[in-house]
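Sequence lines, in order, name chains A and B. The first sequence begins at 1 in the numbering used here and counts up by one. The second sequence begins at 1 in the numbering used here and counts up by one.
Number of protein chains: 2
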Amino acid sequence: MKNPKTSTPKAAAPPAAPAATGGKPKPPRTPTRRPTQRDIAVATGMSQTAVSLVLNRVEPCTVSEDARQRILQAAQRLGYVPNRMARNLQSARTHTLACIVPDITNPTYPALIRGFQSAADAAGYDTMIFDTDGTPERERRALQWLAQGHVDGVLATFFHVDEAELLETVRGGMAIVQVVSQAYKPSGEIDKVYIDNAAAAKAMTQVLIDKGHERIAMLSCPMGPGAERQRGFQAAMRKARLSPCFIAVDDFTQAAGARAMAAELAGDFPYSAVFAANDLLAIGAMAALRTAGRRIPEDVAVAGFDDIPAAQLLLPALTTVRRSEQAMGRFAADLLIARLDGPDANRPGRGFEQPFQLVLRDSA
Amino acid sequence: MKNPKTSTPKAAAPPAAPAATGGKPKPPRTPTRRPTQRDIAVATGMSQTAVSLVLNRVEPCTVSEDARQRILQAAQRLGYVPNRMARNLQSARTHTLACIVPDITNPTYPALIRGFQSAADAAGYDTMIFDTDGTPERERRALQWLAQGHVDGVLATFFHVDEAELLETVRGGMAIVQVVSQAYKPSGEIDKVYIDNAAAAKAMTQVLIDKGHERIAMLSCPMGPGAERQRGFQAAMRKARLSPCFIAVDDFTQAAGARAMAAELAGDFPYSAVFAANDLLAIGAMAALRTAGRRIPEDVAVAGFDDIPAAQLLLPALTTVRRSEQAMGRFAADLLIARLDGPDANRPGRGFEQPFQLVLRDSA
DNA sequence: CTGAAAGCGCTTACAG
DNA sequence: CTGAAAGCGCTTACAG
Chain A
1 MKNPKTSTPK AAAPPAAPAA TGGKPKPPRT PTRRPTQRDI AVATGMSQTA VSLVLNRVEP
61 CTVSEDARQR ILQAAQRLGY VPNRMARNLQ SARTHTLACI VPDITNPTYP ALIRGFQSAA
121 DAAGYDTMIF DTDGTPERER RALQWLAQGH VDGVLATFFH VDEAELLETV RGGMAIVQVV
181 SQAYKPSGEI DKVYIDNAAA AKAMTQVLID KGHERIAMLS CPMGPGAERQ RGFQAAMRKA
241 RLSPCFIAVD DFTQAAGARA MAAELAGDFP YSAVFAANDL LAIGAMAALR TAGRRIPEDV
301 AVAGFDDIPA AQLLLPALTT VRRSEQAMGR FAADLLIARL DGPDANRPGR GFEQPFQLVL
361 RDSA
Chain B
1 MKNPKTSTPK AAAPPAAPAA TGGKPKPPRT PTRRPTQRDI AVATGMSQTA VSLVLNRVEP
61 CTVSEDARQR ILQAAQRLGY VPNRMARNLQ SARTHTLACI VPDITNPTYP ALIRGFQSAA
121 DAAGYDTMIF DTDGTPERER RALQWLAQGH VDGVLATFFH VDEAELLETV RGGMAIVQVV
181 SQAYKPSGEI DKVYIDNAAA AKAMTQVLID KGHERIAMLS CPMGPGAERQ RGFQAAMRKA
241 RLSPCFIAVD DFTQAAGARA MAAELAGDFP YSAVFAANDL LAIGAMAALR TAGRRIPEDV
301 AVAGFDDIPA AQLLLPALTT VRRSEQAMGR FAADLLIARL DGPDANRPGR GFEQPFQLVL
361 RDSA
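Next comes the structure, spelled out in structure tokens:
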């Protein structure tokens with residue numbers, strides 16, 4: 001929270017700075033080398049090959065039952081855990097998927113990640129989460145990171161990196177699904193999941209127009225899905241012969257929304273409705289409106305986009321666009337897994353449109 | 001959101017089920033083998049050793065300037081990116097840290113992760129995030145995962161796994177920092193970061209008592225930090241000669257809070273104040289109270305714990321306990337990095353207490 | 001049924 | 001200044 005004005009914090013703070021307590025210099029943790037297959041081989045008198053075969057349950061099992069048991073017991077006794085780095089190097093597979101998102105503190109992404117991770121888990125894949133901050137620099141770091149071979153597949157939501165750059169950097173057999181903002185033409189290279197952001201924004205704008213609003217401003221940023229949402233807004237406004245206005249923000253956060261709205265409210269503010277490009281912006285806008293003494297929705301109606309959990313908790317509850325991020329995450333993970341584990345049945349380059357719904361509450 | 005009662009969703013859903021568009025069967029993506037150091041060696045006529053030396057900028061550089069340039073150019077031209085798996089295997093270092101949390105959709109954890117990741121990034125470490133769901137099964141999966149050597153260090157928030165089990169599973173040189181709920185006695189093995197949950201809960205309870213409340217219920221679950229918070233609540237109540245009552249929940253989510261409160265409200269509900277063990281529970285409780293027609297705070301006061309972003313957006317805004325999760329994440333990451341990169345100057349087993357503050361708003 | 005051997009791509013002594 | 005060699009821990013043909 002960067003908006004202390006609306007809160008009434010009262011410090012009752014105990015120990016201020018973190019201070020160490022205790023810490024008698026014990027001997028360092030047993031630097032016991034992790035047992036390897038070789039250790040098990042030595043312990044059982046079998047070859048390391050046999051150990052590998054048994055531990056990986058290679059079918060048909062060509063190792064005698066007696067030997068199998070001895071090996072399994074030794075593995076148990078020594079606390080053997082396979083070294084994934086070695087396995088990864090050898091097999092050129094990491095059994096790990098990545099989920100690249102712009103901002104983990106925007107509640108819409110944890111939902112996506114949850115869905116992704118649950119499907120990945122079920123298929124035996126670990127999940128790595130990479131937060132790009134929505135900046136070009138960090139998106140390119142994510143790209144570099146992908147190129148290093150940490151994962152077998154990735155679900156990526158980029159604001160700045162495009163398909164060409166993605167393909168150029170991540171050569172080789174990585175499975176990719178991209179979250180995009182509109183129905184791209186099939187590229188033959190990368191699977192896409194998306195909702196029709198322009199259509200959703202257009203529909204929401206139409207709702208505002210139908211309620212009689214004529215001076216509507218969109219609070220937005222042309223990054224990421226913002227561009228398409230602006231397009232939809234413009235289309236609806238033009239169709240109704242109204243002039244679309246924009247209040248620019250530099251980020252999709254609550255703070256950015258509050259800042260931009262406060263600046264706008266300081267001047268002449270002719271709008272009867274504000275359509276924010278996402279819920280965090282809408283929440284920031286609502287805070288600024290309230291600070292400026294405007295009633296919602298009587299003086300100014302507000303609509304958002306995403307339906308994050310907080311949207312329905314606000315007073316007035318926020319009118320917004322819902323999509324099922326969790327389902328989308330699960331869907332994308334399943335797509336990746338099918339490509340990696342499947343009989344290569346599916347070819348990339350497809351587009352998968354996901355549904356959205358308008359959620360009409362009290363703020364508009 | 002699992003609480004459709006308070007919302008007014010209205011479907012305007014376009015294409016229902018995800019349907020594939022396009023996808024002409026192009027030739028599969030160039031399965032170009034990623035170039036290796038060996039490829040660069042062959043291309044330049046140098047040895048693979050020399051390539052490794054140059055690319056890793058080993059000081060002092062024992063390779064002639066001319067050779068260096070040729071190697072660097074070839075690397076550039078071929079698009080060489082080091083294979084991290086190979087490097088990891090060889091060096092037994094992954095340059096990756098893990099952040100294990102119970103629930104990424106609880107906004108308090110993304111804040112922790114953000115702080116952690118920013119510090120890790122700055123030091124050149126990647127971050128893996130593991131969501132345990134707060135269940136014993138998935139916490140043990142996290143443990144297994146740690147044992148496989150994916151990371152050099154970890155910040156772990158466990159509800160069920162204790163220090164002994166952690167140490168037993170994760171042998172060898174992994175750096176560990178645990179988020180715990182109270183000042184453990186220094187163990188000589190694992191660094192701990194914590195706030196004094198009991199003191200915080202006691203202070204918040206005292207605030208409620210000072211406001212004249214006598215029948216106060218704590219909405220809680222004895223898992224994780226819940227136990228300590230209950231302890232603090234009990235201490236304050238006992239000290240005031242009031243009897244502490246509990247409303248049990250099975251999870252730290254909004255849905256669980258709403259469910260438990262609704263059940264309680266269906267019967268005789270003698271409480272004038274509810275202290276929820278975290279903000280999500282408090283938000284759920286507020287929804288249930290509102291549904292039951294109780295005014296907040298006039299009929300029932302509500303207090304929470306965490307100060308998640310939504311807390312100050314509610315009406316009435318939520319009285320709660322704030323801690324700086326972001327600072328804590330950053331602090332923990334720095335601790336790990338110091339242990340991994342540092343001159344081994346610090347010994348584990350220390351405890352680092354973090355501050356908290358009471359944030360008094362309108363809900364109590 | 002079993003083991004010796006090659007190799008995944010890299011780092012790091014070590015010998016010229 | 002440079003390269004041959006060993007080895008990280010594993011998987012997987014291949015030969016007995």
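All C-beta atoms, glycine included, are put in the ideal place defined by N, C-alpha and C.
1. Between the segment 203-219 of chain B and the segment 234-245 of chain B, do at least 3 Cβ pairs fall closer than 8 Å?
2. At a Cβ cut of 7 Å, what residues of the segment 115-137 of chain B count as close to chain A, listed as they run along the chain?
3. Specify, as a first and last residue, the run of the alpha helix (DSSP H) that Ser118(B) falls within.
4. I need the DSSP call for Ala74(B), collapsed to helix, strand or coil.
5. What does DSSP give as the partner residues of Phe233(B) in its beta bridges?
6. Can you find the residues in the same chain that come closer than 8 Å, C-beta to C-beta, to Leu208(B), ignoring five residues on each side of it along the sequence?
7. Apart from the five residues just before and just after Ile296(A), which ones in its own chain have a Cβ nearer than 8 Å to its Cβ?
8. For Val151(B), which residues of its own chain have a beta-carbon under 8 Å away from its beta-carbon, when the five flanking residues on both sides are left out?
9. Are any of the Cβ atoms in chain B nearer than 8 Å to that of Met85(A)?
10. Answer with yes or no whether the minimum CB distance from Asn372(B) to chain A is below 8 Å.
11. In the structure shown, what three-state DSSP assignment does Ile104(A) receive?
12. On the CB-based measure, 16 or more other CB atoms within 10 Å of its CB, does Ser91(B) come out buried or exposed?
13. With DSSP run on the structure shown, which of helix, strand or coil describes Gln144(B)?
14. Pro102(B): which of Ala142(B), Gln312(B), Leu146(B), Ser47(B) sits nearest, CA to CA?
15. Just reading off the alpha helix (DSSP H) that Phe246(A) is part of, what are its end residues?
16. Which term fits Gln354(B), buried or exposed, when burial requires 16 or more other beta carbons within 10 angstroms of its beta carbon?
17. Just to make sure I have the definition right: I need the residues of chain A whose C-beta is within less than 7 Å of the C-beta of Gln178(B). Which are they?
18. Check whether the segment 187-194 of chain A touches the segment 121-137 of chain A, taking contact to mean three or more Cβ pairs, one atom from each stretch, closer than 8 Å.
19. Assuming contact is defined by CB atoms lying nearer than 8 Å, are Gly281(A) and Phe252(A) in contact in what I supplied?
20. Looking at the structure shown, is Arg68(B) part of a helix, part of a strand, or coil, going by DSSP?
21. Measuring CB atoms only, is the segment 159-167 of chain B touching the segment 104-119 of chain B, in the sense that at least three cross pairs come out at less than 8 Å?
22. Run down chain B in chain order and give the residues with a C-beta less than 9 Å from the C-beta of Ala147(A).
23. The ligand HEM heavy atoms versus the CB of Val151(B): any closer than 7 Å?
24. Are the C-beta of His160(A) and some C-beta of chain B separated by less than 8 Å?
25. Give me the Cα-Cα distance between Gln69(B) and Tyr80(B), rounded to the nearest whole angstrom.
26. Going by CA-CA distance only, name the one from Leu336(B), Ala292(B), Ser52(B), Thr62(B) that's closest to Ala119(B).
27. Counting only the same chain and skipping the five closest in sequence on each side, list residues whose C-beta sits under 6 Å from that of Gln357(B).
28. Can you tell me the Cα-Cα spacing of Gly351(A) and Val193(A), whole angstroms?
29. Between Leu155(B) and Ala333(B), which are expected to be in contact by the criterion C-beta below 8 Å, what is the C-beta distance as a whole number of angstroms?
30. Note down the Cα distance separating Leu265(A) from Ala292(A), rounded to an integer number of angstroms.
31. Buried or exposed: Glu298(B), going by 16 or more other Cβ atoms within 10 Å of its Cβ?
32. Name the two residues that bound the continuous beta strand (DSSP E) containing Asp126(A).
33. Rounded to whole angstroms, what is the Cα-Cα separation between Asp39(A) and Lys239(B)?
34. Put Thr96(B) into one of helix, strand or coil per three-state DSSP.
35. In three-state DSSP terms, what is Ala50(B)?
36. State yes or no: is the C-beta of Leu53(B) within less than 8 Å of the C-beta of Val63(B)?
Based on what the coordinates show:
1. yes
2. Gln117, Asp126, Met128, Ile129, Asp131
3. 108-122
4. helix
5. Beta-bridge pairing links Phe233(B) to no other residue.
6. Ile216, Ala273, Phe275, Ala301, Ala303, Ala364
7. Met286, Leu289, Arg290, Val302, Pro316, Ser363
8. Thr94, Thr96, Leu97, Ala98, Met128, Met174
9. yes
10. Coverage of chain B is limited to positions 1 through 364, which leaves residue 372(B) absent and any answer about it impossible.
11. coil
12. exposed
13. helix
14. Ala142(B)
15. Not the alpha helix (DSSP H): Phe246(A) falls in the beta strand (DSSP E), residues 245-248.
16. buried
17. Those do not exist, as Gln178(B) stays about 14 Å from chain A at its closest Cβ, beyond 7 Å.
18. no
19. In the sequence as displayed, the identity of residue 281(A) is Leu instead of Gly. Contact flag set, yes.
20. helix
21. no
22. Arg34, Gly79, Val81
23. For the ligand HEM, the structure offers nothing, since it holds no ligand at all.
24. no
25. 15 Å
26. Leu336(B)
27. Arg322
28. 6 Å
29. 7 Å
30. 7 Å
31. exposed
32. 126-131
33. 59 Å
34. strand
35. helix
36. yes
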